[in-house]
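**Q** This is the structure I have questions about; it appears just below.
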Amino acid sequence: MKKAITSFVLGASLLAATATGASAYQYAYSIGTDYGLFDIDTSGDATTASNNFASAGYKSYYNTAPTVTYMRGNNPDTGTPRMESEILFFSAHANYDNMAWNYKGNDGSYMTGVYMGYNLDSTTGYKYAGIQSYDMNSVKLITFAGCKTALGTSNITKTAVDEGANTAVGWPDSIEAGSHTSWLARYTGKFVSGVTTVKNAVDYANSFTYSDNLVKNAKIYGNSSQIIPIIYAKDSSTAELSEVALDEAKRKHVPETAIQFDTVSPQYDELLSYIAANIDKSFHAEDYQISMIDQGTGSAVVDLVETVGEFTTTSGFVALVENNQVKAIYNNKIDTKPAKAKIAEKVSELQISDAKKLAKKQLKANYKELAQTGKQVLDLEKGKYYYVVFTEYQIDGTNLLGKEAYYYEVQ
């Protein structure tokens, strides 16, 4: 039985610990916020994660308007710091050393976050809960869902594990907010589907196609085999379990024969031949844009994205590589025949220029543009063609980063 307790900015989702015979709860805290007009909103990331961790057996709380008092405060049930909970999930503007929230730009006590050092009252006005001010040994999983939180050899994600956390997940790149939200929902949703490790959850989220596929470059520090659920649903009618299990059964193909794949010098012929012979008889490699995210030590994510003319789609295949072998291929095919009957013309330089100008106008006045990139995208569901501009930015007076997508319709 699940019981939910919610309020405007703070909520808890409860699932009886007696299901596992446990006498005490384990806790999960998920934090996000709405940064206000013309900015990202990560509050949905927090509430979705909280619900999923509750379904996985935790006494799960979320806060979408966090303050420094809350971040440095104690769990009211145990009297121990919230920062020492078994599960911590943070979604925010970030950089390699910190993540920060500021609910609707209200400043004051809402300017808070987490920092890789000790508790810090910064000169910029942000007041942080510092990783090194807490005992991380009780933390099973901490997720730093923000730009460049796993950048370089010294970062907040690695620091959490160095300080005692069993497992931590972060990103070395700037990630577009919408793609990140979709990825995170699948990542935490996987923990509802039974005995699931952190690596299982990352792999499942990586098996889909995103506007910004850099989201798949998630880095796991510590124990990637850490099992997160503490209760396992026995009723197959459980909605979350059924959805994830059926989805994997539908899309996932495990090769019966070994497919070798050298991530250092990738050659795609063997993989492409296998797909054509065993998964999709109509497969033609020339219809796909192929890319690889190298995760190191013989692991990679290979994306085969179907194109219509010069426009990419969400149709295609994803191959997961471990130890220089393809361990699974996910079939994400969508019917593109109607779209191919009428292929859009190439986006003009004038349209690209206009799209980038409009994208820049969406930024807040105190947000500095760092870079803009773009790509041509066909939304198969809507039947619309776009030039998508990805704008990376930095918040003035801080090193906090963000990345947003602007969809400019071209036909």
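Residue numbers for the sequence shown, in mature numbering (1 follows the signal peptide of the UniProt record, and there is no 0): -24 to -1, 1 to 387. No residue lacks a Cβ here, since even glycine has one placed at the ideal position from N, Cα and C.
Let me confirm a value: D73 is counted as buried when at least 16 other C-beta atoms fall within 10 Å, else exposed. Which label applies?
**A** Within the sequence shown, residue 73 is the residue found at index 97, counting from 1. The residue is buried, with at least 16 neighbouring Cβ atoms inside 10 Å.
**Q** Got a sec, what are the start and stop residues for the beta strand (DSSP E) Q265 sits in?
**A** Translated into the one-based positions of the sequence shown, residue 265 becomes position 289. It spans 264 to 272 - the beta strand (DSSP E) in which Q265 sits, taken as one unbroken run.
**Q** Comparing C-alpha positions only, which one of I206, T40, G198, P148 sits nearest to N28?
**A** Translated into positions along the sequence shown, residue 28 becomes position 52. When only C-alpha atoms are compared, the closest one is I206.
**Q** Find the nearest neighbour of V297 within the set T133, M268, A276, judged by alpha-carbon distance.
**A** Taking the first residue of the sequence shown as 1, we reach residue 297 at position 321. Nearest option by C-alpha distance: A276.
**Q** If we count the other Cβ atoms within 10 Å of its Cβ and call it buried at 16 or more, is Q387 buried or exposed?
**A** The sequence position of residue 387 within the sequence shown is 411, counting from 1. Its Cβ having fewer than 16 others within 10 Å, Q387 is exposed.
**Q** So within the stretch 282 to 316, which uninterrupted alpha helix (DSSP H) runs reach at least 4 residues, ignoring any that extend past its ends?
**A** DSSP runs (the alpha helix (DSSP H)) wholly in the stretch 282 to 316: 313 to 316.
**Q** Helix, strand or coil: which one does DSSP assign to H260?
**A** In the sequence shown, residue 260 corresponds to position 284, counting from 1. Looking at H260 - three-state DSSP - the assignment turns out to be coil, as it is neither helix nor strand.
**Q** Quick check on this structure: which residue in A22, T157, L354, S31 has the alpha carbon closest to the alpha carbon of V284?
**A** For the purposes of this step, residue 284 is taken as the residue at position 308 of the sequence shown. Considering only alpha carbons, the answer is L354.
**Q** Apart from the five residues on each side of it in sequence, which residues of its chain come closer than 6 Å, Cβ to Cβ, to S26?
**A** What you label residue 26 is simply residue 50 of the sequence shown in a count that begins at 1. The answer, listed in chain order, is S(-12), S6, S36, Y38.
**Q** By DSSP, does G89 sit in helix, in strand, or in coil?
**A** Your numbering for residue 89 matches position 113 in the sequence shown. Strand, per DSSP.
**Q** Who are the Cβ neighbours of D21 in its own chain at under 6 Å, not counting the five residues just before and after it?
**A** If you number the sequence shown from 1, residue 21 lands on position 45. Result list for D21: G8, S67, T157, L160, in chain order.
**Q** Look up T367 in the DSSP assignment and say whether it is helix, strand or coil.
**A** Reading the sequence shown from its first residue, position 391 is the one you call residue 367. Strand, per DSSP.
**Q** Assuming A121 is part of the beta strand (DSSP E), what are its boundary residues?
**A** As a first step, residue 121 must be located in the sequence shown, where it is residue number 145. Run containing A121: 117 to 121, per the beta strand (DSSP E) assignment.
**Q** Note down, in chain order, each residue of its chain lying with its Cβ closer than 7 Å to the Cβ of K340, except the 5 sequence neighbours on either side.
**A** Taking the sequence shown and counting its residues from 1, one reaches residue 340 at position 364. Hits under 7 Å: F14, D15.
**Q** Could you spell out where the alpha helix (DSSP H) holding T143 opens and where it closes?
**A** Here residue 143 is taken as the residue at index 167 of the sequence shown, counted from 1. Segment 143 to 146 is the beta strand (DSSP E) holding T143; no alpha helix (DSSP H) there.
**Q** Give the secondary structure of K124 by DSSP, where H, G and I count as helix, E and B as strand, and everything else as coil.
**A** Counting from one through the sequence shown, the residue named residue 124 turns up at place 148. Coil.
**Q** With C-beta atoms as the reference, is A153 less than 7 Å away from A144?
**A** For this step, residue 153 is matched to residue 177 along the sequence shown. For this step, residue 144 is matched to residue 168 along the sequence shown. It is not a contact, given that the beta carbons lie outside the stated cut-off.
**Q** Only counting the same chain, and skipping five residues up and downstream in sequence, which positions put a Cβ closer than 6 Å to that of G140?
**A** For the purposes of this step, residue 140 is identified with residue 164 of the sequence shown, where counting begins at 1. The residues are M112, N113.
**Q** Specify, as a first and last residue, the run of the beta strand (DSSP E) that I132 falls within.
**A** Taking the sequence shown and counting its residues from 1, the one referred to as residue 132 is at position 156. Element bounds for I132: not the beta strand (DSSP E) but the alpha helix (DSSP H), 132 to 138.
**Q** DSSP state of V191, grouped into three classes?
**A** Locating residue 191 in the sequence shown gives position 215, counting from the first residue. Helix at V191.
**Q** Quick one, which of A315, K316, F293 has its alpha-carbon nearest Y306's?
**A** Within the sequence shown, numbered from 1, the residue matching residue 306 stands at position 330. Of the candidates A315, K316, F293, the one whose C-alpha sits nearest the C-alpha of Y306 is F293.
**Q** For G106, which of helix, strand or coil comes out of DSSP?
**A** The residue given as residue 106 occupies position 130 in the sequence shown. If DSSP states are grouped into helix, strand and coil, G106 belongs with the strands.
**Q** Please state whether the Cβ-Cβ distance between Y104 and L96 is less than 7 Å.
**A** The count along the sequence shown starts at 1 and reaches residue 104 at position 128. The count along the sequence shown starts at 1 and reaches residue 96 at position 120. Cβ distance < 7 Å, so Y104 and L96 count as in contact.
**Q** From the DSSP output, in three-state form, read off L13 for me.
**A** Taking the first residue of the sequence shown as position 1, residue 13 is located at position 37. L13: coil per DSSP, three-state reduction.
**Q** Give me the Cα-Cα distance between G55 and T45, rounded to the nearest whole angstrom.
**A** On the sequence shown, residue 55 is found 79 positions in, with the first residue counted as 1. On the sequence shown, residue 45 is found 69 positions in, with the first residue counted as 1. Roughly 14 Å between the two C-alpha positions.
**Q** With a cut-off of 8 Å, do at least 3 Cβ pairs link the stretch 329 to 347 to the stretch 363 to 377?
**A** As far as the Cβ criterion goes, the stretch 329 to 347 touches the stretch 363 to 377, which means the pair count is three or higher.
**Q** Give me, in chain order, the residues of the same chain whose beta-carbon lies closer than 6 Å to that of E246; leave out the 5 immediate sequence neighbours on both sides.
**A** Along the sequence shown, read from residue 1 onward, the residue named residue 246 stands at position 270. Closer than 6 Å at Cβ, skipping near neighbours: I235.
**Q** Which term fits E321, buried or exposed, when burial requires 16 or more other beta carbons within 10 angstroms of its beta carbon?
**A** As a working note, residue 321 is residue 345 in the sequence shown. Exposed: under 16 other Cβ atoms inside 10 Å.
**Q** Looking at V174 and S200, is the spacing between their C-beta atoms short of 7 Å?
**A** Along the sequence shown, read from residue 1 onward, the residue named residue 200 stands at position 224. Along the sequence shown, read from residue 1 onward, the residue named residue 174 stands at position 198. Yes, Cβ-Cβ distance for S200 and V174 is below 7 Å.
**Q** Throw me the rounded Cβ distance for the I328 and G359 pair, which I believe falls under 8 Å.
**A** Here the question's residue 328 lines up with position 352 in the sequence shown. Here the question's residue 359 lines up with position 383 in the sequence shown. The Cβ separation is near 22 Å, so there is no contact.
**Q** Residues bridged to A70 by DSSP?
**A** Here residue 70 corresponds to residue number 94 of the sequence shown, with the count starting at 1. Answer by DSSP bridge pairing, in chain order: M75, L377.
**Q** Going by the CB atoms, is the gap between G198 and N131 shorter than 7 Å?
**A** Taking the first residue of the sequence shown as position 1, residue 131 is located at position 155. Taking the first residue of the sequence shown as position 1, residue 198 is located at position 222. In this structure, G198 does not lie closer than 7 Å to N131 by Cβ.
**Q** Using the Cα positions of V178 and K195, report the straight-line distance between them to the nearest angstrom.
**A** By one-based count along the sequence shown, residue 178 stands at place 202. By one-based count along the sequence shown, residue 195 stands at place 219. So the two alpha carbons sit approximately 9 Å from each other.
**Q** Out of curiosity, what's the CA-to-CA distance linking Y382 and I107?
**A** For this step, residue 382 is matched to residue 406 along the sequence shown. For this step, residue 107 is matched to residue 131 along the sequence shown. If you take the alpha carbons of Y382 and I107, they lie about 34 Å apart.
**Q** Once you ignore the five residues that flank Y91 on each side, which residues in its own chain have a CB closer than 6 Å to its CB?
**A** In the sequence shown, residue 91 corresponds to position 115, counting from 1. Excluding sequence neighbours, Y91 sits near N74, Y104, G106.
**Q** Secondary structure at Y197, three-state DSSP: helix, strand or coil?
**A** What you label residue 197 is simply residue 221 of the sequence shown in a count that begins at 1. If DSSP states are grouped into helix, strand and coil, Y197 belongs with the strands.
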